[in-house]
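To keep things clear, I will list the structure first and then write my remarks on it.
Protein chains: 2
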Amino acid sequence: MRKELLACEDYARQLLRSDVKSVLEAGGYIFNSGGKRVRPGLTILSGKLFDPDDSRLIPVAIAMEYIHTATLLHDDIVDGASLRRGKPSANAVYGNDVAVLVGDYMFAQGVSTFATFGGVEVLQRALDAIRDMSEGELKQLEVIGKFDLSEEDYFDIIYRKTASLLSTCCEAGAIVGGADEQQKLAMRKFGEYIGYAFQLVDDAFDYVSDTQTIGKPAGNDIREGKVTFPLISVREKLSPFEKQKINHILNKDNSHQEEVDYVRKLVVEKGGVGETFNLAREYIEEAKALLAPFEGSKYKNSLMEIADFIVARTF
Amino acid sequence: MRKELLACEDYARQLLRSDVKSVLEAGGYIFNSGGKRVRPGLTILSGKLFDPDDSRLIPVAIAMEYIHTATLLHDDIVDGASLRRGKPSANAVYGNDVAVLVGDYMFAQGVSTFATFGGVEVLQRALDAIRDMSEGELKQLEVIGKFDLSEEDYFDIIYRKTASLLSTCCEAGAIVGGADEQQKLAMRKFGEYIGYAFQLVDDAFDYVSDTQTIGKPAGNDIREGKVTFPLISVREKLSPFEKQKINHILNKDNSHQEEVDYVRKLVVEKGGVGETFNLAREYIEEAKALLAPFEGSKYKNSLMEIADFIVARTF
Numbered sequence: 001m002r003k004e005l006l007a008c009e010d011y012a013r014q015l016l017r018s019d020v021k022s023v024l025e026a027g028g029y030i031f032n033s034g035g036k037r038v039r040p041g042l043t044i045l046s047g048k049l050f051d052p053d054d055s056r057l058i059p060v061a062i063a064m065e066y067i068h069t070a071t072l073l074h075d076d077i078v079d080g081a082s083l084r085r086g087k088p089s090a091n092a093v094y095g096n097d098v099a100v101l102v103g104d105y106m107f108a109q110g111v112s113t114f115a116t117f118g119g120v121e122v123l124q125r126a127l128d129a130i131r132d133m134s135e136g137e138l139k140q141l142e143v144i145g146k147f148d149l150s151e152e153d154y155f156d157i158i159y160r161k162t163a164s165l166l167s168t169c170c171e172a173g174a175i176v177g178g179a180d181e182q183q184k185l186a187m188r189k190f191g192e193y194i195g196y197a198f199q200l201v202d203d204a205f206d207y208v209s210d211t212q213t214i215g216k217p218a219g220n221d222i223r224e225g226k227v228t229f230p231l232i233s234v235r236e237k238l239s240p241f242e243k244q245k246i247n248h249i250l251n252k253d254n255s256h257q258e259e260v261d262y263v264r265k266l267v268v269e270k271g272g273v274g275e276t277f278n279l280a281r282e283y284i285e286e287a288k289a290l291l292a293p294f295e296g297s298k299y300k301n302s303l304m305e306i307a308d309f310i311v312a313r314t315f
Numbered sequence: 001m002r003k004e005l006l007a008c009e010d011y012a013r014q015l016l017r018s019d020v021k022s023v024l025e026a027g028g029y030i031f032n033s034g035g036k037r038v039r040p041g042l043t044i045l046s047g048k049l050f051d052p053d054d055s056r057l058i059p060v061a062i063a064m065e066y067i068h069t070a071t072l073l074h075d076d077i078v079d080g081a082s083l084r085r086g087k088p089s090a091n092a093v094y095g096n097d098v099a100v101l102v103g104d105y106m107f108a109q110g111v112s113t114f115a116t117f118g119g120v121e122v123l124q125r126a127l128d129a130i131r132d133m134s135e136g137e138l139k140q141l142e143v144i145g146k147f148d149l150s151e152e153d154y155f156d157i158i159y160r161k162t163a164s165l166l167s168t169c170c171e172a173g174a175i176v177g178g179a180d181e182q183q184k185l186a187m188r189k190f191g192e193y194i195g196y197a198f199q200l201v202d203d204a205f206d207y208v209s210d211t212q213t214i215g216k217p218a219g220n221d222i223r224e225g226k227v228t229f230p231l232i233s234v235r236e237k238l239s240p241f242e243k244q245k246i247n248h249i250l251n252k253d254n255s256h257q258e259e260v261d262y263v264r265k266l267v268v269e270k271g272g273v274g275e276t277f278n279l280a281r282e283y284i285e286e287a288k289a290l291l292a293p294f295e296g297s298k299y300k301n302s303l304m305e306i307a308d309f310i311v312a313r314t315f
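Protein chains in written order, with the UniProt record's numbering: chain Z, 1 to 315; chain W, 1 to 315.
This is the structure:
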């Protein structure tokens, strides 16, 4: 895929053309801050399962990264984040004002690329994903500190904030590749399932990893009052005292490190992190099964590898 | 136009459908905070000069207001504004996080409506306008405190941040109405010229009006270091001492009210506000002249009235 990804980077540079300095600076900063290009990669590979016109597939793939980057810029404002991928976040370097506006620019540039190269179907799916992501983040804000967040609501949130765009990448690739309805649905579901797995693993790492490794402060979810699957999966095993204590910590304004570590340790001991990785692995298996009907190819193999990598990654 | 505008409000409510509470609350708050619906009005009237299908024109018109509303939400974050149309701004009530996300939602919802009802041409023009608005705001941030901002740069900024969307409204109406290329160009220019006039008058009011009347703090531009046409137009008439003093005030972090009033008074005395209103009036005359070739109708008359209202308004 090297050739296609290089073509992507090339196209990405073309898209980031503006006579306004801060678009180039802040846009370039965040766009080149070490993202793994998972979304363009999924889009291209999904397309290559079929018979795509590369002159359409590459722009659509890179537009997915534009949308993702815009979302990161805006999410960092929402979270008041100061670190992203181990580097100062764009809002920390350039300010919230530049981050919000450059995000808007990248949304418009990405959407315009979908309209030109993706056709109406890809465009509408991508717009659905943008809506999903903003609604997902908003819903997450609404349930901050909610100890008894239902599993259903948790999955609704992670669908919207993570799985929807990954699902859109895979489906868009299939659309551009000329897949039939059933094939499109399979790719859409493939993206959705690896999306759940991706977010589950992310949520697990908040419990067991360290800041150095994940490139953002570990334990942040607890500090911010976010109830995620590791906690949800062990909630029923907790004593009334433990429940009350965690509830208190989740709703405190400035939790001490010891308090955060208390929650982390307890959830790990009760098996919450193991449960979460197990569920992620199940989703990955389901996702891979969806690819079974497709003819073997290096592209299909790469999709399988990406799926496996999501649960095997150590960051 | 009452019928069409009521249909617009109806359609706007349909667009604001989400199962996420804060979308409805914050979205509804800003959308119903007393906007004059200038953009949907211009879109509809421009369309009605020709032969539009209302079932397409109304959604396109309201999508313009969605885009505008999204921009207001994001601009208030950029400006750190606490007042908008005389009421607490959405970011002040709901927080920057909700404001940025609901803005994103409204962008996506508006753009999706263009894609469904406006066709590719309207969609691409609208996306151009979104890029223009973010670039315009960014460029404005880059020249904060720049006493010798060129007239050319000033007009480039106000084109992008204000005139581009108004121009898009008029052109989009014409496109949906089935106008030919020359007619579309005329409507696009009409919108652009009234856009310049609109912003010029806005910039003049910052010098002569009061907070009560304009619904946001008067003198804000000076306080924030924004160099606008009233100042540009009198710059050459100032003594070296006056220039230096103004430069200092523009670049100060927390200017006293007396300092702001010093600049306001000086610019008014030198004729800068008069100059600005005169130029706005010239643009309005140019804009109205562009409508001359079109057959007389109540719609054309309303467009003329809107144009006149822009310079005659007292807020």
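Yeah, the Cβ is synthetic: ideal placement off N, Cα and C, and Gly gets one too.
All values reported here derive from a predicted model rather than from experimental measurement.
Arg17/W counts as exposed, since fewer than 16 other beta carbons sit within 10 angstroms of its beta carbon. For the stretch 147–210 of chain W, the full-length alpha helix (DSSP H) segments reaching 4 residues or more read 151–158, 164–177 and 181–208 along the chain.
DSSP places Arg223/Z within a helical segment (H, G or I) once states are collapsed to three. Under the DSSP assignment, Pro240/Z falls in the alpha helix (DSSP H) whose first and last residues are Pro240 to Leu250. Between the stretch 153–165 of chain Z and the stretch 117–134 of chain Z, the count of Cβ pairs shorter than 8 Å is three or higher; the stretches touch.
From the beta-carbon of Gln109/Z, the residues of chain W found nearer than 7 Å are Arg131.
CA-to-CA, the gap between Ile194/W and Ser89/W works out to about 26 Å. Remark: C-beta atoms of Leu57/Z and Gly178/Z do not approach each other more closely than 8 Å. Note on Ile144/Z: under 16 other CB atoms within 10 angstroms of its CB, so exposed under the neighbour-count rule. Taking 8 Å as the CB threshold, Asp104/W lines the interface with chain Z. In the three-state DSSP reduction, Leu83/Z falls in the strand class (E or B). Using a CB distance cut-off of 8 Å, Leu138/Z counts as an interface residue toward chain W.
DSSP lists Leu83/Z as the beta-bridge partner residues of Pro88/Z. With a cut-off of 8 Å on Cβ pairs, the stretch 275–289 of chain Z is not in contact with the stretch 23–38 of chain W, counting fewer than three such pairs. For the stretch 60–148 of chain W, the continuous alpha helix (DSSP H) assignments of 4+ residues that do not extend past its boundaries occur at 90–94, 96–113 and 119–142, in sequence order. Taking a C-beta distance under 8 Å as the contact criterion, Gly272/W and Val234/W qualify as a contact pair. At a cut-off of 8 Å between C-beta atoms, Asn96/Z counts as an interface residue with respect to chain W.
Annotation: the continuous alpha helix (DSSP H) that includes Thr276/Z extends over Gly272 to Leu290. Close to chain Z, meaning a Cβ-Cβ distance shorter than 7 Å, are the following residues of the stretch 11–28 of chain W: Ser18, Val20, Lys21, Ser22 and Val23. Judged by their CB atoms, Glu121/W and Ile67/W are not nearer to each other than the 8 Å cut-off.
About 5 Å separates the beta carbon of Pro40/Z from that of Cys8/Z, a gap short enough to meet the 8 Å contact definition. Between the stretch 300–311 of chain Z and the stretch 241–260 of chain Z, the count of C-beta pairs closer than 8 Å stays below three; the two stretches do not touch. Within the stretch 139–163 of chain W, those residues whose Cβ lies closer than 7 Å to any Cβ of chain Z are, in chain order, Lys139, Leu141 and Glu142. Cβ atoms of Val260/Z and Ile222/Z come within 8 Å of each other, at about 5 Å. Within chain W, Ile77, Asn96, Asp97 and Val100 have C-beta atoms less than 8 Å from the C-beta of Ile77/Z, given in sequence order. Among the residues of the stretch 113–124 of chain W, those with a Cβ less than 8 Å away from any Cβ of chain Z are Ala115, Thr116, Val120, Leu123 and Gln124, in the order of the chain.
Bounds of the alpha helix (DSSP H) holding Glu305/Z are Lys298 to Ala312. Residues Val143, Val227 and Ile232 of the same chain have their beta carbon placed closer than 8 Å to that of Leu149/W, with the five preceding and five following residues left out of the count. One Cα belongs to Val208/Z, the other to Glu258/Z, and the distance between them is close to 15 Å. At least one CB of chain W lies nearer than 8 Å to the CB of Ser134/Z. At least one CB of chain Z lies nearer than 8 Å to the CB of His74/W. Chain Z has no Cβ within less than 8 Å of the Cβ of Leu238/W. Short of 6 Å from the beta carbon of Asn91/W, and not among the five residues preceding or following it, lie these beta carbons of its own chain, in chain order: Asp76, Ile77 and Ala99.
In the DSSP annotation of this structure, the continuous segment of the alpha helix (DSSP H) that includes Arg264/W starts and ends at Gln257 to Glu269.
Exposed is the label assigned to Glu269/W, since fewer than 16 other Cβ atoms lie within 10 Å of its Cβ.
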